[in-house]
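Engineer: Here it is, the structure in full.
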Amino acid sequence: MPLMKRNGAVCWVPRDSKKQLVIWFGWFIGIMLVFLCWQSISAKTMWVFAADAPEQLRLMLMRMFPPKLEYMDKLWKPLWDTLNIATLGTLLGVIIAVPVASAAALNTTPSKRLVRPLAMVILVSSRSVNSLIWAILLVTIVGPGILAGIIAIALRSIGFVGKLLYEAIEEIDKTQVEAVTATGAAPAQVFSYGIVPQIMPAFAGISLYRWDINIRESTILGYVGAGGIGLNLSSSLSILAWSQVSLILIAVLITVVASEWISARVRSRLI
Amino acid sequence: MLILENLIMKYGSGDLALNGVSLRFDKGEIVALIGPSGAGKSTLIRCVNRLVEPTSGSIDVNGKNIASLKGTELRRARRKIGMIFQEYALVERLTVMENILSGRLGYMGFWKSWFRKFSSGDVAKALNLLERVGLSEHFDKRADALSGGQRQRVGIARALLQEPDLLLVDEPTASLDPKTARQIMRLIKELCSERNLLAVINLHDVGLAKMFSDRIIGLRKGRVVFDDTPDELNDTILTEIYGEEDWSGSADKKKVSAQVREHKHMESMDYALAND
Numbered sequence: 170m171p172l173m174k175r176n177g178a179v180c181w182v183p184r185d186s187k188k189q190l191v192i193w194f195g196w197f198i199g200i201m202l203v204f205l206c207w208q209s210i211s212a213k214t215m216w217v218f219a220a221d222a223p224e225q226l227r228l229m230l231m232r233m234f235p236p237k238l239e240y241m242d243k244l245w246k247p248l249w250d251t252l253n254i255a256t257l258g259t260l261l262g263v264i265i266a267v268p269v270a271s272a273a274a275l276n277t278t279p280s281k282r283l284v285r286p287l288a289m290v291i292l293v294s295s296r297s298v299n300s301l302i303w304a305i306l307l308v309t310i311v312g313p314g315i316l317a318g319i320i321a322i323a324l325r326s327i328g329f330v331g332k333l334l335y336e337a338i339e340e341i342d343k344t345q346v347e348a349v350t351a352t353g354a355a356p357a358q359v360f361s362y363g364i365v366p367q368i369m370p371a372f373a374g375i376s377l378y379r380w381d382i383n384i385r386e387s388t389i390l391g392y393v394g395a396g397g398i399g400l401n402l403s404s405s406l407s408i409l410a411w412s413q414v415s416l417i418l419i420a421v422l423i424t425v426v427a428s429e430w431i432s433a434r435v436r437s438r439l440i
Numbered sequence: 002m003l004i005l006e007n008l009i010m011k012y013g014s015g016d017l018a019l020n021g022v023s024l025r026f027d028k029g030e031i032v033a034l035i036g037p038s039g040a041g042k043s044t045l046i047r048c049v050n051r052l053v054e055p056t057s058g059s060i061d062v063n064g065k066n067i068a069s070l071k072g073t074e075l076r077r078a079r080r081k082i083g084m085i086f087q088e089y090a091l092v093e094r095l096t097v098m099e100n101i102l103s104g105r106l107g108y109m110g111f112w113k114s115w116f117r118k119f120s121s122g123d124v125a126k127a128l129n130l131l132e133r134v135g136l137s138e139h140f141d142k143r144a145d146a147l148s149g150g151q152r153q154r155v156g157i158a159r160a161l162l163q164e165p166d167l168l169l170v171d172e173p174t175a176s177l178d179p180k181t182a183r184q185i186m187r188l189i190k191e192l193c194s195e196r197n198l199l200a201v202i203n204l205h206d207v208g209l210a211k212m213f214s215d216r217i218i219g220l221r222k223g224r225v226v227f228d229d230t231p232d233e234l235n236d237t238i239l240t241e242i243y244g245e246e247d248w249s250g251s252a253d254k255k256k257v258s259a260q261v262r263e264h265k266h267m268e269s270m271d272y273a274l275a276n277d
C-alpha cells in the first residue's frame, strides 16, 4: 500500500508493485493488439488496387468538375423534404424523449425496479439501431416516402436525446428541488419549478445538437427510399452522373454548414 | 406547538443520526440548535418537514402527527412549515419573483403554477415581503445574479410567503460574512417576532446562537445534551457538546494548538500504518 516503513523511515509511493505490474501488462497487451491488427489488415489488402489510388481520385474529380448547375432545379424539392424530415423527426423524437428520460433518471423515476429498466431498454434499443436501418424497416412498414424518414429520425433521436437528458436530470442540484418540495408543492410542480429550470440549457443544447446531426443523417435516408435528397444521390451514382453527384454533395455541404450556424446562434441565445 | 417524541433516525448503514430526541417548542420561540458536524442537527430539522424520513418516533405540529402523513396530507402539512436553507437553495435560473412566489405552490393547481398565474393577492403579499427584506428593486433579476446575502433574503421571503406556523432554518449564515450573517439573523428574528413564529435554527456559530436565540439546544451524537437559555451555556457545557477544546481563546494559543496538532499528527500516522 502507498504508505510503508523502510529502514524505520516512512515513505510514500503512488502505487504498490503489484498494481504497477498490472499496468505494464495492460500496455503490453495493447501494443501487441495494434501489431496483430496491422498485420491482418495488410494481409487482406490488395496493394495492386491501392497503388493507383491517386490516379483514380484524379479521374473521379475530373468527372465531377464542373458540377451540373442546371440540375439544381430538380434538387430544391428533395432538399426541402430533407430539412423537413430532420426537423419534424427531431421534434417528434424530443417529445417522446422527455417522458422517457424522466422515467430513466434515478432521481425522478416513479419506480426503480419496473419503470426505470423499461425506459433504459427503450433508450438503448433506439440508440443501437442506425437511422438508416430504422428507415429500411419503416419503408417496408409505412411505405416509401417522407413519413418513413421522419419516423426513422425520431426513433433514433429518442435514444440520443433521452440518454443525455436523463444524465442532465441526474446531475441537477438536489437542494433546489428540496426547497420546492418543502413549500408543499405537488410532484408535478416540483418537476416544473425545481427541475425544469435547471435542465433547460442542457435540453436546448441537446435538441439543437441532435437536429444538427439529423440534417446530416436525413441526406442519406433517400438511399433506401425514405424521402429526401438521398434518392437523387443514389440515382445519380447509379447512372454515373458524376457532375450531378458533385452538385448534390455541395448542396448538402451548404445545408449542413447553414444548420450548424443556426444551431450555434440559437444555443448561445438560450444559455 | 411542535412536540418531538423519542425521534429516532437510522441511516441504511446502521448509523444513528438521531438517538431518541424528545423536545417541546412553543409559539414565538427562537431556538438555536448547536452541535458538531454529524451531531444530527440537519437531520433533526429535516425530519420535521419529512425531507428526511424518521425511523421511529412522533412529530406533533399543532396536534397533528406529521410522521404518519402521506401524499396530499403531507403536502398540506408542509406548506405550513417554512424552511430556510444553508446554501439558499433558490432555483438559480428563475427570477427573484418566481422564487418567492414558489412559496405559494402548495396552495395552487399545476397548470396555474405552470403558466405563472399567481393570484393578485399572492403577488401583493410577495411584493410586500420583498420590500420588507429590502429587495424591491431586484424583483425581476435572476436568482443567480444576486449576492449571498440577497439570496438568503429571497429564501426568507419564500419561506414566509407560505404563511407558515413555524420556521425551520438550516445554517442560514454558513456561507455569509460576519456582518451579513448578523443582518440575516436579525432579520429572521424580527420577522419571527412580528408574526409570533416559532423558529428552529441550526447554527455552527455559538456566538450568533447566544446573540439571537431565546433558547439553545446542544446536540451530540444524536442526543440532546443541553437545553436551556443562552446564559447557561459555559465552557464546561461547550466541551460536553463539541469535545475538548480551548474555549477561552485568550490562553497561550500557540502552545495549545501546537500540542493538539502534534497529537493529531501521531494519531493519523498510526492509523494509516495500522491499516496497511
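Sequences listed follow chains A and B, in order. According to this note's numbering, the first sequence is numbered sequentially starting from 170. According to this note's numbering, the second sequence is numbered sequentially starting from 2. Just so you know, even glycine gets a beta-carbon here, dropped at the ideal spot from N, CA and C. In this text, all values refer to a predicted model and were calculated from it rather than measured experimentally.
(1) Rounded to whole angstroms, what's the CA-CA distance from residue 157 of chain B to residue 438 of chain A? Just pull it up for me.
(2) Where residue 282 of chain B and residue 36 of chain B are concerned, what is the direct C-alpha to C-alpha distance, given to the nearest angstrom?
(3) For residue 175 of chain B, which residues of its own chain have a beta-carbon under 7 Å away from its beta-carbon, when the five flanking residues on both sides are left out?
(4) For the stretch 341-366 of chain A, list every residue whose C-beta sits within 7 Å of some C-beta in chain B, in sequence order.
(5) My understanding is that residue 111 of chain A touches residue 52 of chain B, with C-beta atoms under 8 Å, so please give their C-beta distance in whole angstroms.
(6) Which residues in the same chain as residue 263 of chain A place their Cβ atom closer than 8 Å to its Cβ, once the five residues preceding and following it in sequence are excluded?
(7) Can you have a look at residue 320 of chain A and say buried or exposed, based on whether 16 or more other CB atoms are within 10 angstroms of its CB?
(8) For residue 223 of chain B, tell me which candidate among B:15, B:21, B:6 has the shortest Cα-Cα distance.
(9) Would you say the stretch 347-365 of chain A touches the stretch 397-411 of chain A, given that touching needs at least three Cβ pairs under 8 Å?
(10) Residue 281 of chain A by DSSP, collapsed to three states: which one?
(11) With a threshold of 8 Å between beta carbons, is residue 84 of chain B in contact with chain A?
(12) Grab me the residues of residue 296 of chain A's own chain with a C-beta within less than 6 Å of its C-beta, minus the 5 sequence neighbours each way, in chain order.
(13) Please work out which residues of its chain come closer than 6 Å, Cβ to Cβ, to residue 241 of chain B, disregarding the five sequence neighbours upstream and downstream, and give them in chain order.
(14) What residue range does the alpha helix (DSSP H) around residue 134 of chain B cover?
(15) For residue 159 of chain B and residue 114 of chain B, which I take to be in contact (beta-carbon distance under 8 Å), what is that distance rounded to the nearest angstrom?
(16) To the nearest angstrom, how far is the alpha carbon of residue 14 of chain B from that of residue 337 of chain A?
(17) Give the DSSP-derived three-state secondary structure of residue 184 of chain A in the structure shown.
(18) Please tell me whether, using a cut-off of 7 Å, the distance from the CB of residue 245 of chain A to the nearest non-hydrogen atom of the ligand NAP is below it.
(19) Determine whether the Cβ of residue 151 of chain B lies closer than 8 Å to any Cβ atom of chain A.
(20) For the stretch 274-326 of chain A, list the alpha helix (DSSP H) runs that are entirely contained and at least 4 residues long, ordered along the chain.
(21) Going straight from the alpha carbon of residue 234 of chain A to that of residue 411 of chain A, what length do you get?
(22) Drop a sphere of 10 angstroms on the beta-carbon of residue 99 of chain B, count the other beta-carbons inside from all chains shown, and report buried for 16 or more, exposed for fewer.
(23) For the stretch 159-171 of chain B and the stretch 48-68 of chain B, state whether three or more C-beta atom pairs, one from each stretch, are separated by less than 8 Å.
(24) Hey, quick one: how far does the beta strand (DSSP E) through residue 23 of chain B stretch, first residue to last?
Structural biologist: By the coordinates alone:
(1) Along the second sequence, one-based indexing puts residue 157 of chain B at 156. Along the first sequence, one-based indexing puts residue 438 of chain A at 269. Straight-line Cα distance between these residues: approximately 32 Å.
(2) Residue 282 of chain B cannot be examined here, being either before or after the span of chain B that is shown, 2 to 277.
(3) Position 174 of the second sequence, counting from 1, holds the residue named residue 175 of chain B. Only 87, 205 meet the Cβ criterion.
(4) Residues 344, 345, 347, 348, 349, 350, 351, 352, 353, 354, 355, 357, 358, 361, 362, 363, 366.
(5) The structure shown does not extend to residue 111 of chain A, since chain A spans only 170 to 440, so no value can be given for it.
(6) Reading the first sequence from its first residue, position 94 is the one you call residue 263 of chain A. Cβ within range, chain order: 326, 330, 376, 379.
(7) On the first sequence, residue 320 of chain A is found 151 positions in, with the first residue counted as 1. With 16 or more Cβ atoms within 10 Å of its Cβ, residue 320 of chain A is classed as buried.
(8) Residue mapping note: residue 223 of chain B aligns to position 222 of the second sequence, counting from 1. Of B:15, B:21, B:6, the residue nearest in Cα terms is B:21.
(9) no
(10) If you number the first sequence from 1, residue 281 of chain A lands on position 112. Of the three classes helix, strand and coil, the one that applies to residue 281 of chain A here is coil, per DSSP.
(11) Position 83 of the second sequence holds residue 84 of chain B. For residue 84 of chain B, the nearest CB of chain A lies under 8 Å from its own CB, placing it at the interface with that chain.
(12) Sequence index remark: in the first sequence, residue 296 of chain A carries index 127 (1-based). Around residue 296 of chain A, the same chain offers 328 as residues with beta carbons nearer than 6 Å, after the five sequence neighbours per side are excluded.
(13) On the second sequence, position 240 is the one that residue 241 of chain B refers to. Cβ neighbours of residue 241 of chain B beyond the five flanking positions: 226.
(14) In the second sequence, residue 134 of chain B corresponds to position 133, counting from 1. Careful: residue 134 of chain B lies outside any alpha helix (DSSP H) and carries neither H nor E.
(15) Position 158 of the second sequence, counting from 1, holds the residue named residue 159 of chain B. Position 113 of the second sequence, counting from 1, holds the residue named residue 114 of chain B. Going by Cβ atoms, the distance from residue 159 of chain B to residue 114 of chain B rounds to 14 Å, so no, they are not a contact pair.
(16) The sequence position of residue 14 of chain B within the second sequence is 13, counting from 1. The sequence position of residue 337 of chain A within the first sequence is 168, counting from 1. The straight-line gap from Cα to Cα measures roughly 28 Å.
(17) Taking the first sequence and counting its residues from 1, the one referred to as residue 184 of chain A is at position 15. Residue state, collapsed to three classes: coil.
(18) Although the ligand NAP was asked about, the structure shown includes no ligands whatsoever.
(19) As a working mapping, residue 151 of chain B is identified with position 150 in the second sequence. Taking Cβ atoms only, chain A never reaches closer than 8 Å to residue 151 of chain B, which makes this a no.
(20) 284-297, 300-311
(21) Locating residue 234 of chain A in the first sequence gives position 65, where the first residue counts as 1. Locating residue 411 of chain A in the first sequence gives position 242, where the first residue counts as 1. C-alpha separation (whole angstroms): 8 Å.
(22) Mapped onto the second sequence, residue 99 of chain B falls at position 98. Counting Cβ neighbours within 10 Å, residue 99 of chain B comes out buried, since at least 16 surround it.
(23) yes
(24) Your numbering for residue 23 of chain B matches position 22 in the second sequence. Start and end: 17-26.
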